[in-house]
Amino acid sequence: MERQFDEELKHLKQMLLRMADTAQEMTGLAVRALAERKEDLIGQVFKLEESVNKMEIEIENDVLRLLALRQPAASDLRLLTAILKINNDLERVADQACNIAETAEYLLKEPPIKPLIDIPSMAEFVQKMIRRSIEAFVNHDPVLAQKVCEEDDKVDQLNEKIFRVLLTYMMEDPKSITRAVDLILVARNLERIADHATNISEDVVFIEEGKNIKHHAQETK
Amino acid sequence: MVSPKLSVKNLSVSFDGKPSLGGVHLDIAPHIILSVIGPANSGKTTFLRTLNRLNDEESAMKITGSVLLDNKDVYREYDPVILRRKVGIIFALPTPLPMTIFENVIYGPRRQGIQDRNKLSATVERCLKEAYLWDEVKDRLHSPAMKLSGGQQQRLCIARTLAVEPEVILFDEPCSGLDPISTAKVEEAMSKLKKHYTIVLVTNNTKQAARVGDQTAFFLMGELVEVGDTGSIFTAPRDRRTDDYISGRFG
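Residue numbers (this note's numbering), protein chains in the order written: chain A, 1105 to 1325; chain B, 9 to 259.
Next comes the structure, spelled out in structure tokens:
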């Protein structure tokens, strides 16, 4: 039986999809601005953040309204509480993208220390993680969600690699330290975005299977 | 492990050859509220009425399996009168007797032969307090029970049940005709009563089952689909049918 409630949930999911799409696009734009030294992309990132902020509030209000009016239980309850958390994660992704854009704003005023290769590929990887976590959400696919969680290790490795490379630049030329530290922070922002993708994927497993896999919860059970 | 207050073993009930309950296994621990939910014709009321043998008078009823109260077989080792004193029931429609509030409460004890006025007064006060009605009626104990509001009448029925000192109380849709405030009072009374009694609540209101039940059992077409901790049933039920029912997807 199709319920009126299902319509409302569908609307909420669509909004969340738009938000995810925007947040991962912002990540891509911010890193492109930095790597391709395109200053005009920075403004686009900030502009998109405003729309993400609006969506976050709209989604939160909708979830609260549905919790109050529908008093959901079981799978509906898991879905709504998870949407509330995913909403939060996506807003943080957008924030991290803004941090990268801000760093880019500063770095574009300085000469580059080196051509950027690992950071753009790390960005691509975490964007894909966000997209796949949302794909798992839309397609009710806990298996895909689990896979995304496992990819987080790869991001940590990339982050470490970037750190080591930049460390050698700093040792060779102390004048590069400020810029290198900024790039390390960009990698860290990307690593955080991957963490949010992991959170979203964990929520997808919770929605679909009712079990909590956060912090290796399955091992303690 | 506490031994169960009620233990239902492989219980099947049919009326006129039509099965109403099939192969139900269920233990009810003492001092809990078990909420029983399920759509119409799921067998939940049959289940409830089997617990204190209210189905006995149905001539075409056939019952197999057993119901144990304190490890004694309800159908083989209990006299129905004794059983129903131990296992009281509250119905959907409040059923006050056409007499005063006071007389309603002591109806049971009087029939048991208790005459001592002081003792009866003490019973009235204790039971009305336990049923959360005392404060509202203490100044008019000798006015007709029929003048009470629906919610008050229902709590009076609870008090009347308590007067015979039962051990288990069965509630069959006790709030179906009540407003939210009266419903809250009856629910509050149930939550307090479980300290001294074991409660089985049949309800069509899943929210009520969630609010007051420690455990929840879901029946569907005579089958006990799932029983468990109420928190788990309402967040992550094991069976898809339970999920569909409590989230209103049935039909």
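Glycine included, every Cβ here is placed at the ideal spot set by N, Cα and C.
Model, not experiment: these values are computed from the prediction.
- Residues of chain B with a Cβ closer than 7 Å to the Cβ of PRO1176(A) are, in chain order, SER255.
- Flagged as an interface residue toward chain A: PHE242(B), by a C-beta distance shorter than 7 Å.
- Residue range 223-228 is occupied by the beta strand (DSSP E) that includes PHE227(B).
- Residue contact with chain B for ASP1180(A): present (Cβ-Cβ distance below 7 Å to some residue of chain B).
- A Cβ-Cβ separation of about 7 Å places LEU201(B) in contact with ILE177(B) under the 8 Å criterion.
- Against chain A, the CB of PRO245(B) has a partner CB under 7 Å away; the residue lies at that interface.
- About 11 Å separates the Cβ atoms of GLU1164(A) and MET1119(A), ruling out a contact at the 8 Å cut-off.
- Selection LYS1251(A), ILE1190(A), GLU1143(A) evaluated against ALA1127(A) yields ILE1190(A) as nearest (Cα-Cα).
- In the displayed model, ILE109(B) falls within a helix according to three-state DSSP.
- DSSP places MET9(B) in the coil class of the three-state scheme, outside both helix and strand.
- Neighbours of PHE227(B) in chain A, taken as residues at a C-beta separation under 7 Å, are lacking, since the least C-beta distance is about 16 Å.
- With a beta-carbon spacing of about 19 Å, ILE1204(A) and ILE1304(A) fall beyond the 8 Å limit used to define contacts.
- For ILE122(B) and LEU128(B), the gap between their C-alpha atoms comes out near 8 Å.
- Taking a cut-off of 8 Å on C-beta distances, the stretch 1306-1315 of chain A does not touch the stretch 46-62 of chain B, as fewer than three cross pairs fall below it.
- Excluding the 5 residues flanking it on each side, GLU196(B) has same chain C-beta neighbours closer than 7 Å at TYR140, in chain order.
- Per DSSP, HIS33(B) lies in no alpha helix (DSSP H) segment; the continuous beta strand (DSSP E) that holds it begins and ends at 26-36.
- HIS1244(A) sits exposed, since fewer than 16 C-beta atoms from the chains shown fall within 10 Å of its C-beta.
- In this structure, MET69(B) sits away from ASN60(B), with a CB-CB distance that is not shorter than 7 Å.
- Straight through space, the alpha carbons of MET1233(A) and GLU1129(A) are spaced by roughly 12 Å.
- With fewer than 16 other Cβ atoms from the protein chains shown falling within 10 Å of its own Cβ, PRO188(B) counts as exposed.
- Leaving aside the five residues that flank PHE179(B) on each side, the residues in its chain whose CB is nearer than 8 Å to its CB run, in chain order, ILE97, ILE98, MET198, ILE207, VAL208, LEU209, VAL210, THR211.
- GLU1160(A) is positioned such that its CB atom lies closer than 7 Å to that of GLU1195(A).
- In the structure shown, LEU77(B) adopts extended strand secondary structure according to DSSP, grouped into three states.
- For ARG1107(A), the C-beta contacts it makes with chain B under 9 Å involve SER255, GLY256, ARG257, in order along the chain.
- Residue pairing by DSSP puts GLU234(B) in a beta bridge opposite PHE226(B).
- Using a Cβ distance threshold of 7 Å, ILE36(B) and LEU14(B) count as a contacting pair.
- As the crow flies, the alpha-carbon of VAL1135(A) is around 24 Å from that of PRO1278(A).
- Taking each of ASP1110(A), ALA1124(A), THR1185(A) in turn and checking the Cα distance to ASP1199(A), the smallest one comes out for ALA1124(A).
- Exposed is the label assigned to ASN126(B), since fewer than 16 other Cβ atoms lie within 10 Å of its Cβ.
- A residue is called buried when at least 16 other Cβ atoms come within 10 angstroms of its Cβ; TYR1210(A) does not meet this threshold and is exposed.
- Rounded to whole angstroms, ASN1157(A) and VAL1149(A) show a C-alpha spacing of 12 Å.
- With its beta carbon at least 7 Å from every one in chain A, ASP222(B) lies outside the interface.
- Membership of LEU178(B) in any alpha helix (DSSP H) is not indicated; the residue belongs instead to the beta strand (DSSP E) covering 176-180.
- Interface flag for ASP237(B) against chain A is unset, since no Cβ pair is found closer than 7 Å.
- In the DSSP assignment, THR131(B) falls within the alpha helix (DSSP H) that extends over 125-138.
- Scanning chain A for C-beta atoms nearer than 7 Å to the C-beta of ASP251(B) yields ALA1178, SER1179, reported in chain order.
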